[in-house]
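**Student:**
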Amino acid sequence: MDATLDISVVVPLYNEEESLPELVEWIDRVARGEGLSYEVILVDDGSGDGSW
Numbered sequence: 001m002d003a004t005l006d007i008s009v010v011v012p013l014y015n016e017e018e019s020l021p022e023l024v025e026w027i028d029r030v031a032r033g034e035g036l037s038y039e040v041i042l043v044d045d046g047s048g049d050g051s052w
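The letter at position 21 of the sequence shown is residue 21 when you use UniProt numbering, and the numbering goes up by one with no holes.
#1: What residue does the alpha helix (DSSP H) around leucine 42 start on, and which one ends it?
#2: Considering only their Cβ atoms, is the gap separating tryptophan 26 from leucine 42 smaller than 8 Å?
#3: Could you tell me the distance, in whole angstroms, from the CA atom of alanine 31 to the CA atom of alanine 3?
#4: Starting from the C-beta of glycine 50, find all residues in its chain whose C-beta is less than 6 Å away, skip the five residues before and the five after it, and write them out in chain order.
This is how it looks when you write it as structure tokens:
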């Protein structure tokens with residue numbers, strides 16, 4: 001089965017450990033509320049904290 005995405009959300013990160021869970025939950029809530037299939041791509045640029 002070939003799944004098709006409605007949207008890709010690309011988020012650049014730099015030392016965003018504290019805000020990431022809230023951001024990902026918000027993206028999920030909005031996308032599901034709109035009935036969208038989606039992916040989240042988190043791009044870390046050498047963070048010194050625990051950013052994903």
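Backbone N, C-alpha and C define an ideal beta-carbon position, used for all residues, glycine too. From a predicted model like this one, the values you see are computed outputs, not experimental measurements.
**Tutor:** From the atom records:
#1: Segment 38 to 44 is the beta strand (DSSP E) holding leucine 42; no alpha helix (DSSP H) there.
#2: no
#3: 16 Å
#4: Glu17
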